Amino acid sequence: MKLVYKITLANALGIIAIVLVAAFSYHDFNLLLAKLRFVEVADALNASFLEMRLSEKNYFLYNDKAAFNQIQKMIQENYLTIESMAPSIIKVIGKDNFEKLQLCLKRYDNAISKAVKEAEHNKDTLKIEEQVRPAGRALRLFSERIVKAERREVNNIISASKKTLLSFFGLIILVAILSNYFFFSRMFRNLRRIERTANSISEGKFVKIRGKIPDNELGSAMKAINSMCEELATRHEQLIQSKKLASLGTLTAGVAHELGNPLNNISMVAQTYLELATHLSEEEKTEYVQTILDETERIRKIVQDLLDFSRAKEKDFKICDVNDVVLRSLKLVKNTIEVSGLKTSLELTDDLPPVYVDEDKIREVLVNLLTNAIHATPPGGNIILRTNLAPDGKNITIEVEDTGKGIPPEFLEHIFDPFFSTKGTEGTGLGLSISYGIIKKHKGTIEVKSKVGVGTTFTIKLPIYTGEEG
Amino acid sequence: MNGYKIMVIDDENVVGKMIKSSFGQDGYIVEAFLDAKPALERLKEEKFDVIITDLKMKDIDGMEVLNRVKKEAPDIKVIMITAFASLDAAVEAFRKRVDDFFAKPVKIAELKACVKRLLEEKN
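So the sequence lines, in the order shown, correspond to chains A and B.
14 is the number of the first residue of the first sequence in my numbering; add one for each residue after it.
-11 is the number of the first residue of the second sequence in my numbering; add one for each residue after it.
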């Protein structure tokens, strides 16, 4: 479902709940208003009925002749009140009760009219009293009962409406929670997936978003990020390759020297063989030819090393001895170091525990660090390679130290940033950032310390192989 | 048998061996060393006519050998050979009065001609 629809639906649900609450409240308040108005009218009627009964008492106790006339006047007023309020009274107490009220009033009216006539003929007051008083009591009792019932009803409505409001409140919260769960929690989960991928991209890991891609706006964003990831991974690979080709250029000078010696040996053996052929014993001839073959093999190995270094290869993690890796890396740049008039010192610790690494990759890092050291160090300088067990006992450290010009402090913090180079147009600015990425993939660290005019030391830390691969 | 004494210093074993075989055929007495240090020691006990030394070596390099020989026994002829023939190295070597300079791969016939010429100069 598209996010726009989801958000609209969630909002619509909220609005419906609020409209329902409003409708129920409106209905409840209307009913309450009608009831209260009735209670008001009923109170007035009740007061009037009470007055009628008081007049009644005046008549019978003090023989007040005017009392009945007063009662009759009040009855007429009450008729009018009941008549005029009829629709609203019916609405509240129902037609049956309304008619009963009318009947009670009518009976009282009749009783009073009869009493008035009989009083004119001076009949026995006791008899008259017997007729009037029950009718009056009935009227008052009935009206009081209705008023009480209505008051109860008002209270009921208030508490019911309180309950309804509370339930609706609960319902709204429930709708909010559920809509959040169904619509938004998944959306936030997906947003988090995007966030994680963006973070790993910024760390140089181009891992695509895996799993189900939703069919909405976020899904489109995820697809876009995935194709960007693919593109970045390809570009990154190309950059690494171009960086390698660049450092290959630096290596070439050294390789020329490395190849020069076996070529010279072959040439000299061949020349001597031609010169002395007739004087050489069969044994010596075999020895000469074998030397040529040995030297050819030496050339083949040099070329193979160079090819291995320049080729983009699949990951190949193996249990390795750090010192071996260091020596093999040094071999690749040994001649470049010599040609540059530099010396190397090896301070390798024996019997170090093994590491689990992609040897080609670590060699690439070391060759890169060594090449940087060569570029930074003037002739006569020294390059020191050191291996040690880290103080924590869980890592091996490899140090590449030079006595070169050093790196100014303001450059140090950017040294592992891609495309940051202090070599001007000579460097691609990728070597150290690629090295950083490689060491990070090995769950290791790479740090740099430098002092201008004194030298620079790069320290690589690699975890010791514990039997768990990766 | 001309009896001239030649010292070869080169960390490449084959170089000394071939020079020994080829020059030995012409009556030279050749001693080969893989490192400069024992070679310089040997110089103290034995007189050599020509030294053929490599430029790049592990302990002491060819320039240093040239320096010491020219200082201590200037009449010994020194020929330098190198696999990495840079103009800078050649200039420096000639400044230090090297007698000749060869780039690898070395032509043995040319080397022989050079040794012969240097010995004639010496005499």
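Virtual Cβ for every residue (Gly too), placed ideally from N, Cα, C.
Given the structure is predicted, the values throughout are model-derived calculations rather than measurements.
Asked, Found
"A/Gly468: first and last residue of the uninterrupted beta strand (DSSP E) it sits in", "468 to 476"
"Within 8 Å, strictly: CB atoms of B/Asn24 and B/Val2", "Before going further, note that residue 24 of chain B is Ala rather than Asn in the sequence given. Contact: no."
"Closer than 8 Å to chain A by CB, B/Ile96", "yes"
"Backbone CA spacing between B/Ile69 and B/Ile(-3) [nearest angstrom]", "10 Å"
"Contact list for B/Val66 against chain A, beta-carbon separation under 8 Å", "Neighbours of B/Val66 on chain A: none; closest Cβ ~19 Å, over 8 Å."
"CB contact below 8 Å: B/Ala71 versus chain A", "yes"
"Straight-line gap, B/Ala133 to A/Gln284 (C-alpha atoms, nearest Å)", "Residue 133 of chain B lies beyond the range of chain B shown here (-11 to 111); nothing can be said about it."
"Contact check, A/Pro404 vs A/Tyr478, beta carbons under 8 Å", "no"
"Alpha-carbon spacing of B/Asp87 relative to A/Ser448, whole angstroms", "47 Å"
"Chain B contact for A/Asn278 (CB, 8 Å cutoff)", "yes"
"Chain-ordered neighbours of A/Val282 on chain B, where CB pairs are closer than 7 Å", "Val2, Met6"
"Contacts around A/Leu425, its chain only, beta-carbon distance under 7 Å, and the 5 residues preceding and following it disregarded", "Val461, Ser463"
"Residue range of the beta strand (DSSP E) that includes A/Ile447", "Where A/Ile447 is concerned, there is no enclosing beta strand (DSSP E), although the alpha helix (DSSP H) it sits in stretches over 444 to 454."
"Proximity test, Cβ basis, 8 Å: B/Pro62 and chain A", "no"
"is_contact[A/Leu289, chain B] using C-beta, thresh 8 Å", "yes"
"Contact with chain B by A/Glu439, beta-carbon distance below 8 Å", "Note that A/Glu439 scores a pLDDT of 49, beneath 50, so its modelled location is shaky; the value from the coordinates is reported in the next line. Chain B, which has no Cβ nearer than 8 Å to the Cβ of A/Glu439, makes this no."
"Bounding residues of the beta strand (DSSP E) (the contiguous stretch that carries A/Met65)", "Note, A/Met65: premise wrong, no beta strand (DSSP E); alpha helix (DSSP H) at 16 to 75."
"Simplified DSSP assignment, three categories, for B/Lys8", "helix"
"Outcome for A/Glu377 when other beta-carbon atoms lying within 10 angstroms are tallied against a minimum of 16", "buried"
"Rounded Cβ spacing between B/Asp64 and B/Ile39 (contact assumed at less than 8 Å)", "Per the sequence presented here, residue 64 of chain B reads as Ile, with Asp not at that position. About 6 Å; that satisfies the 8 Å criterion."
"Residue-chain proximity (B/Lys(-7), chain A), Cβ-Cβ < 8 Å", "no"
"Among A/Arg223, A/Ile315, A/Glu166, nearest to A/Asn274 - alpha-carbon criterion", "A/Ile315"
"For A/Val129: DSSP bridge partner residues", "In the DSSP output, where bridge partners are listed per residue, A/Val129 has none listed."
"Contact check, A/Ile409 vs A/Leu365, beta carbons under 8 Å", "yes"
"Spatial distance of A/Asn212 from A/Glu230 (CA atoms)", "20 Å"
"Whole-angstrom distance between A/Arg205 and A/Asn395, CA atom to CA atom", "50 Å"
"Residue range of the alpha helix (DSSP H) that includes A/Thr349", "335 to 352"
"A/Val335 beta carbon less than 8 Å from that of A/Ile222", "no"
"Residue span of the alpha helix (DSSP H) that contains B/Thr70, given as start and end", "Where B/Thr70 is concerned, there is no enclosing alpha helix (DSSP H), although the beta strand (DSSP E) it sits in stretches over 65 to 70."
"DSSP-derived helix/strand/coil call for A/Val507", "Chain A is shown only over 14 to 483; residue 507 of chain A falls outside these bounds and no answer can be derived."
"Segment limits, alpha helix (DSSP H) that includes B/Asp85", "Here residue 85 of chain B is Arg; the residue named in the question, Asp, does not match the sequence. Counting along the chain, B/Arg85 falls outside any alpha helix (DSSP H), and DSSP gives it neither H nor E."
"Collapsed DSSP secondary structure at B/Asn111 in the structure displayed", "coil"
"Coil, strand or helix - A/Ala124 by DSSP", "helix"
"Proximity of A/Ile88 and A/Tyr121 at Cβ, strictly below 8 Å", "yes"
"Paired residues, beta bridge with A/Leu402 - DSSP", "A/Ile409"
"Euclidean distance between Cα positions of A/Asn43 and A/Ile28", "22 Å"
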